[in-house]
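In the numbering used here, the protein residues as written are 12 to 411. A virtual CB, placed ideally from N, CA and C, is assigned to each residue, including glycine.
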Ligand code: ADP
């Protein structure tokens, strides 16, 4: 049984092909520059990378090209061997969990195009096309919000009129679900403690902190939309909506323009002028005041949620860093963990400085384990897709 997990951009399609018998990644690949006359179609399997330049006028053509390439490479016996395509979908009105993609699901996602403007529109467009053009392949949407269904009302509700919550779904949905689910399950396994209390810090282009107990989400820093929580590379993070009237008057911009600024030109980019944390760190090292301030704001925001979740969980067994920043920025990890000895948290500077891959970085005196852990969102989506399609592995298939 083979499942493709897809990552969609407006002009790109990337995938990993899983054999669900042993959850092995058989191949990864994709198509870039979809819609241009020179689309790049690439596949990596068995230690080899093949690439061809070809025209893929849309996502459906791109998927067909990829399936053919996988068949040529013998990763699939034929395109029909593919059981389903799974998508790490972000947000839908009144809907969460894992869903077979149909008109109802697409309409619910489309209804939140403006709530998740960077994520939903390219997914809806491409998934609608694939559903029409490749009807033979089941499509599954595994929503980022699904992992957070276990969050209690006290952590989930904004203090707003109840009918806004009930009729319009305005609440802290939480996102990054596949990543936090993986980190929660993996850490629980590593600690050998089923009820482990874990604080997962997924810090990357998009960042969030999650409180997890017994592999279940208890709170997430992302709220109604993926623009909330800690500042992101270019999205604002938590923000007081009563700043809007002042901004509308002061800038002369429309509400749509201000929201576009908050979703694309705010966050670390807004404060520092740089989109990538590596550039901000480099500028801060040269004493750039804006860059230094952006780093301070980011660290303070992560610590704000870390503190809240230490209280919520009544301590933690482990704090885990993942995502491009969490896995790679020695300075951010050190700053986030600084001066927490009262909470039993102490980072080992030497281990932190050289850490790579799945490894511990806590000092001998730390009561809380500190980990760096590459996340594996695709594996979670593959499992969910497989389960949603009611696909069962027989013993014969497992033995292959
Ligand atoms: P996304 O949220 O888009 O999936 P990633 O998790 O891949 O993003 O994280 C991307 C970010 O990670 C980059 O914008 C960059 O800021 C940061 N990053 C990657 N490598 C490093 C590094 N060596 N040092 C500091 N930051 C890094």
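key: At least 3 beta-carbon pairs within less than 8 Å: the stretch 152-166 vs the stretch 65-82   = no
task = Using the Cα positions of residue 91 and residue 192, report the straight-line distance between them to the nearest angstrom.
result = Here residue 91 corresponds to residue number 80 of the chain shown, with the count starting at 1. Here residue 192 corresponds to residue number 181 of the chain shown, with the count starting at 1. Roughly 30 Å separates the two Cα atoms.
query = Is DSSP giving residue 102 helix, strand or coil here?
reply = As a first step, residue 102 is located in the chain shown; it is residue number 91 there, counting from the start. Residue 102 falls in the coil class under three-state DSSP.
query = Does the stretch 187-201 come close enough to the stretch 386-395 to have 3 or more Cβ pairs within less than 8 Å?
reply = yes
message = Please tell me whether, using a cut-off of 6 Å, the distance from the CB of residue 39 to the nearest non-hydrogen atom of ligand 1 is below it.
response = If you number the chain shown from 1, residue 39 lands on position 28. False, no ligand heavy atom lies under 6 Å from that Cβ.
ask   = Between the beta-carbon of residue 233 and the beta-carbon of residue 211, is there less than 7 Å?
value = Sequence index remark: in the chain shown, residue 233 carries index 222 (1-based). Sequence index remark: in the chain shown, residue 211 carries index 200 (1-based). Not closer than 7 Å, so no.
Range covered by the alpha helix (DSSP H) that runs through residue 63 = Taking the chain shown and counting its residues from 1, the one referred to as residue 63 is at position 52. Counting along the chain, residue 63 falls outside any alpha helix (DSSP H), though it belongs to the beta strand (DSSP E) covering 59-65.
query = What separation, rounded to the nearest whole angstrom, lies between the Cα atoms of residue 108 and residue 399?
reply = As a first step, residue 108 is located in the chain shown; it is residue number 97 there, counting from the start. As a first step, residue 399 is located in the chain shown; it is residue number 388 there, counting from the start. Rounded to the nearest angstrom, the two C-alpha atoms are 10 Å apart.
Contact under 7 Å by Cβ, residue 105 with residue 180 = Translated into positions along the chain shown, residue 105 becomes position 94. Translated into positions along the chain shown, residue 180 becomes position 169. Yes, they are a contact pair.
Endpoints, the beta strand (DSSP E) within which residue 216 is located = As a first step, residue 216 must be located in the chain shown, where it is residue number 205. Taken as a continuous stretch (DSSP letters only), residue 216 belongs to no beta strand (DSSP E), as it is neither H nor E.
task = Output yes or no for whether 7 Å exceeds the beta carbon distance between residue 274 and residue 314.
result = For the purposes of this step, residue 274 is taken as the residue at position 263 of the chain shown. For the purposes of this step, residue 314 is taken as the residue at position 303 of the chain shown. In this structure, residue 314 does not lie closer than 7 Å to residue 274 by Cβ.
ask   = Hey, does residue 44 have any beta-carbon neighbour from chain B nearer than 7 Å?
value = Any reference to chain B falls outside this structure, which holds one protein chain only.
ask   = What number of angstroms, rounded off, separates the C-alpha of residue 88 from the C-alpha of residue 143?
value = For the purposes of this step, residue 88 is taken as the residue at position 77 of the chain shown. For the purposes of this step, residue 143 is taken as the residue at position 132 of the chain shown. For residue 88 and residue 143, the distance between alpha carbons rounds to 24 Å.
query = So residue 56 packs on residue 37, CB below 8 Å; how close in whole Å?
reply = Translated into the one-based positions of the chain shown, residue 56 becomes position 45. Translated into the one-based positions of the chain shown, residue 37 becomes position 26. The pair is a contact, with the Cβ atoms about 6 Å apart (cut-off 8 Å).
ask   = Between residue 227 and residue 122, what straight-line distance do the alpha-carbon atoms span, to the nearest angstrom?
value = Taking the chain shown and counting its residues from 1, one reaches residue 227 at position 216. Taking the chain shown and counting its residues from 1, one reaches residue 122 at position 111. Distance between the alpha carbons of residue 227 and residue 122: 28 Å.
key: Close-in-space but distant-in-sequence residues of the same chain around residue 243 (CB under 7 Å, 5 per side omitted)   = Taking the chain shown and counting its residues from 1, one reaches residue 243 at position 232. Taken in chain order, the residues that qualify are 216, 217, 218 and 278.
request  = Entirely within the stretch 187-264 and at least 3 residues each: give me those beta strand (DSSP E) ranges in chain order.
outcome  = 208-213, 219-224 and 227-231
For residue 339, the first and last residue of its enclosing alpha helix (DSSP H) = On the chain shown, position 328 is the one that residue 339 refers to. That run of the alpha helix (DSSP H) goes 334-339.
ask   = Straight-line CA distance for residue 116 to residue 40?
value = Within the chain shown, residue 116 is the residue found at index 105, counting from 1. Within the chain shown, residue 40 is the residue found at index 29, counting from 1. In a straight line, the C-alpha of residue 116 is about 26 Å away from that of residue 40.
Per DSSP, the bridge partner or partners of residue 80 = In the chain shown, residue 80 corresponds to position 69, counting from 1. Answer by DSSP bridge pairing: none, since residue 80 is not bridged.
request  = Hey, could you find the ends of the alpha helix (DSSP H) residue 178 is sitting in?
outcome  = Residue mapping note: residue 178 aligns to position 167 of the chain shown, counting from 1. Unbroken alpha helix (DSSP H) run through residue 178: 173-179.
Length of the line joining the Cα atoms of residue 209 and residue 60 = Counted from its first residue, the chain shown places residue 209 at position 198. Counted from its first residue, the chain shown places residue 60 at position 49. The straight-line gap from Cα to Cα measures roughly 38 Å.
query = How would you call residue 295, buried or exposed, if buried means at least 16 neighbouring beta carbons within 10 angstroms?
reply = As a position in the chain shown, residue 295 is number 284, starting the count at 1. The residue is buried, with at least 16 neighbouring Cβ atoms inside 10 Å.
inquiry  = Taking the beta carbon of residue 126 as the centre, do at least 16 other beta carbons fall within 10 Å, making it buried, or is it exposed?
reply    = Indexing the chain shown from 1 puts residue 126 at position 115. Buried, since its Cβ has 16 or more Cβ neighbours within 10 Å.
ask   = If you draw a straight line from the alpha carbon of residue 198 to that of residue 47, how long is it in whole angstroms?
value = In the chain shown, the residue the question calls residue 198 occupies position 187. In the chain shown, the residue the question calls residue 47 occupies position 36. Near 43 Å, if we compare the C-alpha coordinates of residue 47 and residue 198.
ask   = For residue 336, which residues of its own chain have a beta-carbon under 8 Å away from its beta-carbon, when the five flanking residues on both sides are left out?
value = Taking the first residue of the chain shown as 1, we reach residue 336 at position 325. Here the set comprises 214, 215, 218, 288 and 343.
inquiry  = Given 6 Å as the limit, tell me if residue 289 has its C-beta closer than that to any heavy atom belonging to ligand 1.
reply    = On the chain shown, residue 289 is found 278 positions in, with the first residue counted as 1. True, at least one ligand heavy atom lies under 6 Å from that Cβ.
Extent of the continuous beta strand (DSSP E) run through residue 20 = Here residue 20 is taken as the residue at index 9 of the chain shown, counted from 1. Run containing residue 20: 13-20, per the beta strand (DSSP E) assignment.
Between the CA atoms of residue 347 and residue 141 - distance to the nearest angstrom = As a first step, residue 141 must be located in the chain shown, where it is residue number 130. As a first step, residue 347 must be located in the chain shown, where it is residue number 336. Roughly 43 Å between the two C-alpha positions.
inquiry  = So for residue 370, helix, strand or coil by DSSP?
reply    = If you number the chain shown from 1, residue 370 lands on position 359. Residue state, collapsed to three classes: strand.
request  = Decide if residue 396 is buried, meaning its Cβ has at least 16 other Cβ atoms within 10 Å, or exposed.
outcome  = Here the question's residue 396 lines up with position 385 in the chain shown. Per the 10 Å Cβ criterion, buried.
request  = Measure from the alpha carbon of residue 96 to the alpha carbon of each residue in 312, 285, 149 and 373, then state which is nearest.
outcome  = Locating residue 96 in the chain shown gives position 85, where the first residue counts as 1. Residue 96 has its Cα closest to that of 149, out of 312, 285, 149 and 373.
ask   = Would the beta-carbon of residue 340 be found less than 6 Å away from any heavy atom of ligand 1?
value = Working through the chain shown from its first residue, we reach residue 340 at position 329. Yes, ligand 1 has a heavy atom inside 6 Å of this Cβ.
key: Bridge partners - residue 167, DSSP secondary structure assignment   = Here residue 167 corresponds to residue number 156 of the chain shown, with the count starting at 1. Residue 167 is not bridged to any residue.
query = Which residue or residues does DSSP assign as beta-bridge partners of residue 26?
reply = To locate residue 26, count along the chain shown from 1; it is residue 15. DSSP, once it has assigned bridges, lists 17 and 40 as partnering residue 26.
request  = Spell out the partners DSSP gives residue 153 in its beta bridges.
outcome  = What you label residue 153 is simply residue 142 of the chain shown in a count that begins at 1. Paired residues: 99 and 109.
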